[in-house]
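Novice:
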Amino acid sequence: MRLATFNVNGIAARLAGLLQWLEEAKPDVVALQEIKCEDARFPRDAFEARGWHVETHGQKGFNGVALLSRLPLGELSRGLPGDPEDEQARFIEASIGGLRIANLYLPNGNPQPGPKFAYKLAWMQRLERHARDLLATEQAVVLLGDWNVCPTDADVARPAEMADDALCRPESRAAFRRILVQGWTDAIRARFLNETVYTYWDYQAGAWAKNWGLRIDHLLLSPAAADRMLDAGIDRDVRARDKASDHVPVWVDLAD
DNA sequence: ATGCCTATGCGACATAGA
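Take the first sequence: its letters are residues 153 to 408, numbered as in the numbering used here.
#1: Measuring straight from C-alpha to C-alpha, what distance separates Trp204 and Arg196?
#2: Per DSSP, His209 is paired with what?
#3: In the DSSP assignment, what are the bridge partners of Gly365?
#4: Looking at C-beta atoms only, is the number of pairs between the region 240 to 248 and the region 213 to 232 that lie closer than 8 Å three or more?
#5: Can you say whether Val308 is buried or exposed, counting buried as having 16 or more other CB atoms within 10 angstroms of its CB?
#6: Run through DSSP, which three-state label would Arg310 get?
#7: So, do the region 253 to 262 and the region 162 to 169 have three or more beta carbon pairs nearer to each other than 8 Å?
#8: Where does the unbroken beta strand (DSSP E) through Leu185 begin, and where does it stop?
#9: Whole angstroms is fine: what's the gap from Arg391's alpha carbon to Leu219's?
#10: With distances taken Cα to Cα, identify the nearest neighbour of Gln291 among Arg193, Leu171, Ala377.
#11: Beta-carbon within less than 6 Å of Thr208's beta-carbon, same chain only, minus the 5 sequence neighbours each way: which residues are those?
#12: Looking at the unbroken alpha helix (DSSP H) that takes in Leu296, where does it start and where does it end?
#13: Within the continuous alpha helix (DSSP H) that includes Arg330, where are the two ends?
#14: For Val402, which three-state DSSP category applies?
#15: From the DSSP output, read off the bridge partner residues of Gly385.
#16: Using DSSP's beta-bridge definition, name the partner residues of Asp338.
#17: Please classify Ala339: is it buried, with 16 or more other beta-carbons within 10 angstroms of its beta-carbon, or exposed?
#18: Only counting the same chain, and skipping five residues up and downstream in sequence, which positions put a Cβ closer than 6 Å to that of Arg275?
So, in structure tokens, the structure goes:
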């Protein structure tokens, strides 16, 4: 079973490219971030016509997440628990084929310091609590998405230039680490232990051509899920295509 | 030190991204 995460940076702008990648990569479940549309405007028909089950948690203009699945989705929940006042669409979770799949779009947090960074850290604190609850089920859980955190300097092409960025701040990294050490496996880092791999390249300054990237899209596996991991990868060639997102698809294969 | 690019919205610039 192949599970993937892909920040599409606008589903309307990315529909053709996403459909092409789905045909090539043949994932079973895809977690999308930054669909940038309300639920009613998500191009659900294009996916359903190709055999996908679709669930969305969108909002106008910004943010928004969705799950595509070959199998039906059950026990659906929208929004990260812990703050009923939070109106940003950044989280959707469902059960698919015996797995619990949680799709997140973690706040960017820039500029830092400031209210956006405070929101990021508060959101991560809520995520830490929810991640602990998910682990306590002892189910196979995959917590995947755009985390907007570079876990270490090994995940940043130009660490000196990024040192004060919200994606690299010690507070962001500590919050990520607090979740990781609960017992999650970072699938990509486990697969590429000592390799330099990125999942995002800025549109600006020729970042792709210079391989000035970041590793910010992560798949965290609960112990029961990690036991089933067969392979993981980053479809980096997608970044070179016309009308590409600034992120590329990142995936893991789990034994059935 | 800053902008570099891209997407969206009721749009002719502003905001957000990372």
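Here a beta-carbon is modelled for each residue, glycine too, at the ideal position from N, C-alpha and C.
Specialist: According to the structure data:
#1: Take the alpha-carbon of Trp204 and the one of Arg196: they are about 9 Å apart.
#2: Looking at the DSSP assignment, His209 forms a beta bridge with Val217.
#3: Paired residue(s): Trp353.
#4: Because the criterion of three Cβ pairs below 8 Å is met, the region 240 to 248 and the region 213 to 232 touch.
#5: Buried, by the Cβ-count rule.
#6: In this structure, Arg310 counts as coil in the three-state DSSP scheme.
#7: No, the region 253 to 262 does not touch the region 162 to 169.
#8: It is Gln, not Leu, that sits at residue 185 in the sequence shown. Where Gln185 is concerned, the enclosing beta strand (DSSP E) stretches over 181 to 185.
#9: Cα to Cα, Arg391 sits roughly 21 Å from Leu219.
#10: When each option's Cα is compared against that of Gln291, the closest is Ala377.
#11: Answer for Thr208: Asp191, Phe194, Ala218, listed in chain order.
#12: The continuous stretches of alpha helix (DSSP H) do not include Leu296, which lies in the beta strand (DSSP E) extending over residues 293 to 298.
#13: Its alpha helix (DSSP H) spans residues 322 to 332.
#14: If DSSP states are grouped into helix, strand and coil, Val402 belongs with the strands.
#15: Trp403.
#16: In DSSP, Asp338 forms a bridge with Leu372.
#17: Ala339 should be labelled buried.
#18: Correcting the residue type first, residue 275 is Trp in the shown sequence and not Arg. Answer for Trp275: Pro259, listed in chain order.
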